[in-house]
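Q: Using the numbering used here, read the sequence shown as starting at 238 and increasing by one per residue.
Beta carbons are placed, not taken as given, at the ideal position from N, Cα and C, and that holds for glycine.
No experiment lies behind these values; they were computed from the predicted model shown.
Before I ask anything, here is the structure I am working with.
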Amino acid sequence: MKTLKKLIIIIPFLLGLGACDYIEEPTEMRDLEYVFSHGQETRGWLARSYAFIPDPFVAWRSSWNQYHPYIAMADEVDMGIDNEATKSYRINLGDWNPSEGGFGEKWDPYYKQIRHLHIFLENVKVVPNQNYIDTQAKVDAMKLEARFLLAYFHVLLFEQFGPIPLIKNSVDVQSSIDQLKMERNSVDEVVDYLDQELYDIAQALPITEPDTKWAGRPVKASALAVRARLLLYAASPLFNSPNNYQGYEEFRSLSNHDGKRLFPQAYDAKKWKRAADAAKLIIDMPDYKLHKVSSPTGDPFVDGYNSYREVFTSPGNSEILFARTACDFNEYLQGIQPRQWQAGGFMAVTQKLVDAFYMSDGKTKDDSDLYSEAGMTTNPDKITVNKVVSNIAKIDRVYNMYQNREARFYVSVFFNGRKWEASKAEVNGVVEPVQFFYDGKSGRPNSDSPKTGYTSYKYVDKDDYKYNSRQKTPVLFRLAEVYLNYAEALNKYNPGDSDILFYLNEVRERAGLPKYEDVYPGKTSQADIHDAIMRERQIELNWEGTRYFDTRRYFMAEKEDAGNFYGMNTMKTQAQESQFYQRSIFEKRVFKKSFYLFPIPQWELNKNNKLVQNPYWN
238 MKTLKKLIII IPFLLGLGAC DYIEEPTEMR DLEYVFSHGQ ETRGWLARSY AFIPDPFVAW
298 RSSWNQYHPY IAMADEVDMG IDNEATKSYR INLGDWNPSE GGFGEKWDPY YKQIRHLHIF
358 LENVKVVPNQ NYIDTQAKVD AMKLEARFLL AYFHVLLFEQ FGPIPLIKNS VDVQSSIDQL
418 KMERNSVDEV VDYLDQELYD IAQALPITEP DTKWAGRPVK ASALAVRARL LLYAASPLFN
478 SPNNYQGYEE FRSLSNHDGK RLFPQAYDAK KWKRAADAAK LIIDMPDYKL HKVSSPTGDP
538 FVDGYNSYRE VFTSPGNSEI LFARTACDFN EYLQGIQPRQ WQAGGFMAVT QKLVDAFYMS
598 DGKTKDDSDL YSEAGMTTNP DKITVNKVVS NIAKIDRVYN MYQNREARFY VSVFFNGRKW
658 EASKAEVNGV VEPVQFFYDG KSGRPNSDSP KTGYTSYKYV DKDDYKYNSR QKTPVLFRLA
718 EVYLNYAEAL NKYNPGDSDI LFYLNEVRER AGLPKYEDVY PGKTSQADIH DAIMRERQIE
778 LNWEGTRYFD TRRYFMAEKE DAGNFYGMNT MKTQAQESQF YQRSIFEKRV FKKSFYLFPI
838 PQWELNKNNK LVQNPYWN
């Protein structure tokens with residue numbers, strides 16, 4: 238009993254974890270015996286770890302277990318509340334350091350869950366007449382879940398911190414305290430181990446989960462999707478520099494105290510092939526396909542709108558590879574639904590994301606004759622958004638910047654003058670347009686307003702309204718991302734392969750856009766195609782947490798995540814409408830070399846002197 242108690246208390250300390258504030262779990266042998274002798278308690282022990290999977294709907298509560306830090310820290314989002322509830326604004330302004338917590342660093346909670354899951358694997362057993370654990374098959378299935386979560390938490394740590402200590406097994410309690418302290422494994426060690434582990438787990442997991450009661454449990458494609466993203470990131474310049482980390486020498490030289498280098502010392506082009514092959518394994522599975530909806534008219538724009546929207550509002554559709562079924566959609570709605578409908582409306586879309594969307598002809602705004610920033614369209618029959626919304630949400634006038642955009646724009650962006658498509662938004666049978674003007678019902682100076690003049694509309698279905706909405710399933714991995722992963726990796730490894738444009742076009746055409754090569758026949762070089770793929774990721778995967786990593790893994794963030802950020806001029810009143818619709822700086826952001834990876838919290842380094850800090854943080 239005493240030995241096990243020491244194990245439970247010592248391990249978190251040695252990883253830099255506090256034991257006293259650890260989540261509620263037994264600390265005595267008799268408690269563990271009780272838990273793992275009762276099916277409901279055993280299942281609850283495992284279920285506890287699911288609560289720590291990041292929830293894309295919780296992008297501003299930095300103290301919550303499921304906080305998803307990467308959405309609000311990307312160049313596509315601004316968080317309007319500048320207080321301690323969310324510290325993303327301080328990160329965006331460059332105001333953070335390793336000695337101050339609460340910035341979304343996941344070192345402590347994820348290593349606690351890794352330990353929690355190892356205890357589960359060591360103790361779970363068959364117990365007759367106990368639901369969940371009364372057969373070996375049920376126990377084995379839960380062990381696979383635990384192994385998947387162990388690997389996934391390691392991957393999440395790798396994404397945030399780079400090379401990390403791998404905790405492959407439980408720690409021998411007979412070891413000395415110094416022996417139990419763990420140093421960081423190298424990038425290649427981490428990736429190679431997790432690659433094989435996720436592949437092995439995938440082979441043992443079921444292809445589908447037929448019982449809807451267990452929706453959200455990982456299946457084969459879930460493990461393969463985590464693996465595919467991991468290998469794509471590992472092949473990218475942040476972890477596989479083609480120029481020997483020129484200008485970023487501290488990454489190349491980062492070493493443990495014994496001199497062991499933690500980042501690869503040479504570029505390996507085959508890592509791109511490895512990433513492409515990992516994505517293709519999923520693509521070749523017959524159980525998954527892009528979610529598509531066809532209208533009676535066959536209008537590509539209407540079909541693109543409905544298809545893309547339903548990816549996020551139709552749980553269990555054929556595109557989803559892994560999703561978080563327990564979520565807080567009302568928390569998300571509070572952040573995006575404008576204040577005039579009794580919500581917060583402070584989670585803003587940046588002008589940069591607005592500008593990224595294509596026009597309906599498949600061209601960028603700079604290349605298309607359809608784009609204009611002059612004047613208003615006042616004929617409702619010619620207003621683009623009116624083609625896809627119900628009668629209560631049709632509008633009478635719109636700024637021309639928001640005309641003739643691609644379908645995904647209208648799924649993703651709620652702009653000034655648009656109407657919230659919900660019957661509960663009606664007053665006397667009418668839904669009024671949103672007012673983001675300075676004196677508007679959803680405008681400044683109230684902090685419950687978007688500084689940019691835009692909020693997100695993604696995940697919102699018809700009739701979704703604050704505190705009166707059915708719960709959604711936030712998608713963590715989906716097939717469209719895998720298509721783009723595959724195209725990106727293949728373009729790096731084997732440019733010109735016909736699969737590259739095929740899978741890029743699969744995503745474009747689902748959105749109602751023409752093929753890339755039909756729109757840009759003269760832009761098919763490797764560099765051109767890479768830019769097209771990265772833009773497609775920026776659009777297709779907006780507000781899903783990938784943009785944060787895309788700018789960092791290519792060392793682009795010093796350009797993309799720094800400098801002046803723009804929106805509409807929300808300091809102007811309704812009487813100054815023409816001035817409202819002018820690009821205006823709302824924030825100047827800072828991005829330093831050190832920000833490419835999170836710092837290991839200083840208190841973790843103080844507890845474990847074998848750990849070394851990430852590049853440029855010392």
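Spatial neighbours of E382 within its chain, please: C-beta separation below 7 Å, excluding the five flanking residues on both sides.
A: L283, R454, P455.
Q: Name the one or two DSSP bridge partners that R642 has.
A: M596.
Q: Suppose the cutoff is 7 Å on Cβ atoms and the five residues either side in sequence are ignored; what does the same chain contact list for N481 look like?
A: Excluding residues within five positions, the ones whose Cβ falls inside 7 Å are R489.
Q: Considering only C-alpha positions, which residue in the set E841, K699, S831 is nearest to E486?
A: Nearest option by C-alpha distance: S831.
Q: I290 by DSSP, collapsed to three states: which one?
A: Here I290 sits in coil by DSSP.
Q: Rounded to the nearest angstrom, what separates A203 and E547 at their Cα positions?
A: In this structure the chain extends from 238 to 855, so residue 203 is not present and cannot be described.
Q: In whole angstroms, what is the alpha-carbon distance linking E261 and N368?
A: Here the model assigns E261 a pLDDT of 38, short of 50, so the residue's position is not dependable, and the following value carries that caveat. For E261 and N368, the distance between alpha carbons rounds to 22 Å.
Q: If you run the structure through DSSP and keep just helix, strand and coil, what is L491?
A: Coil.
Q: In whole angstroms, what is the alpha-carbon distance linking Q850 and Q373?
A: When rounded, the distance between both Cα atoms is 44 Å.
Q: Do T807 and G690 have their C-beta atoms closer together than 8 Å?
A: Cβ distance < 8 Å, so T807 and G690 count as in contact.
Q: Just to confirm the assignment, what range does the alpha helix (DSSP H) spanning M310 have?
A: Counting along the chain, M310 falls outside any alpha helix (DSSP H), and DSSP gives it neither H nor E.
Q: For I318, which residues of its own chain have a beta-carbon under 6 Å away from its beta-carbon, when the five flanking residues on both sides are left out?
A: Once the five neighbours on either side are set aside, the close Cβ partners of I318 are F583, S684.
Q: Compare the C-alpha of W578 against each of N722, K661, D768 and name the closest.
A: With distances taken between Cα atoms, W578 lies closest to K661.
Q: Among G331, H353, L393, which one has its Cα closest to the Cα of Y304?
A: The shortest C-alpha separation from Y304 is found at L393.
Q: What are the complete alpha helix (DSSP H) segments, minimum 4 residues, inside the stretch 697-777?
A: Runs found: 716-730, 735-747, 753-756, 763-777.
Q: Count the other C-beta atoms from every protein chain shown that fall within 10 angstroms of the C-beta of N334, then say buried if there are 16 or more, exposed otherwise.
A: Exposed, since its Cβ has fewer than 16 Cβ neighbours within 10 Å.
Q: Express the C-alpha separation of I557 and A563 in angstroms, rounding to a whole number.
A: Approximately 15 Å, taken between the alpha carbons.
Q: By alpha-carbon positions, which one of D312, I290, G281, F294 ends up nearest to F823?
A: Cα-wise, what sits closest to F823 is D312.
Q: Is S605 helix, strand or coil when you go by DSSP?
A: Three-state result, S605: coil.
Q: Since H353 and R285 are thought to touch, with beta carbons under 8 Å apart, how far apart are those beta carbons, to the nearest angstrom?
A: The pair is a contact, with the Cβ atoms about 7 Å apart (cut-off 8 Å).
Q: Give the secondary structure of S627 by DSSP, where H, G and I count as helix, E and B as strand, and everything else as coil.
A: Coil at S627, not helix or strand.
Q: I need the DSSP call for S660, collapsed to helix, strand or coil.
A: In the structure shown, S660 sits in a helix (DSSP, three-state: H, G or I).
Q: Excluding the 5 residues preceding and the 5 following S544 in the sequence, name in chain order all residues of the same chain whose CB lies nearer than 7 Å to its CB.
A: H528, K529, V530, R747.
Q: According to DSSP, is Q850 helix, strand or coil?
A: Residue state, collapsed to three classes: coil.
Q: Between Q588 and Y803, which are expected to be in contact by the criterion C-beta below 8 Å, what is the C-beta distance as a whole number of angstroms?
A: Confirmed, about 4 Å.
Q: Using three-state DSSP, classify Y818 as helix, strand or coil.
A: Coil.
Q: Classify R715 as buried or exposed, calling it buried when 16 or more other Cβ atoms lie within 10 Å of its own Cβ.
A: With 16 or more other Cβ atoms within 10 Å, it is buried.
Q: Using the Cβ count rule (16 or more neighbours within 10 Å means buried), how would you classify N616?
A: It is exposed - the Cβ of N616 has fewer than 16 other Cβ atoms within 10 Å.
Q: Quick check on this structure: which residue in F559, Y647, V668, V664 has the alpha carbon closest to the alpha carbon of W916?
A: Shown here, the chain extends from 238 to 855; a query on residue 916 therefore has no answer.
Q: In the DSSP assignment, what are the bridge partners of V586?
A: Paired residues: V314.
Q: Where does V650 sit, in a helix, a strand or coil, going by DSSP?
A: It is a strand residue.
Q: According to the neighbour-count rule (16 or more other Cβ atoms, all chains shown, within 10 Å of its Cβ), is R421 buried or exposed?
A: Buried, because 16 or more other Cβ atoms sit within 10 Å of the Cβ of R421.
Q: Check A580 in the structure and name its three-state DSSP category.
A: The answer is coil: DSSP assigns A580 none of H, G, I, E or B.
Q: For P479 and D540, what's the separation of their Cα atoms in angstroms?
A: P479 and D540: Cα-Cα distance of roughly 41 Å.
Q: Across which residues does DSSP place E824 in a beta bridge pair?
A: DSSP output for E824 lists F802 as bridge partner(s).
Q: Would DSSP call S423 helix, strand or coil?
A: Coil.
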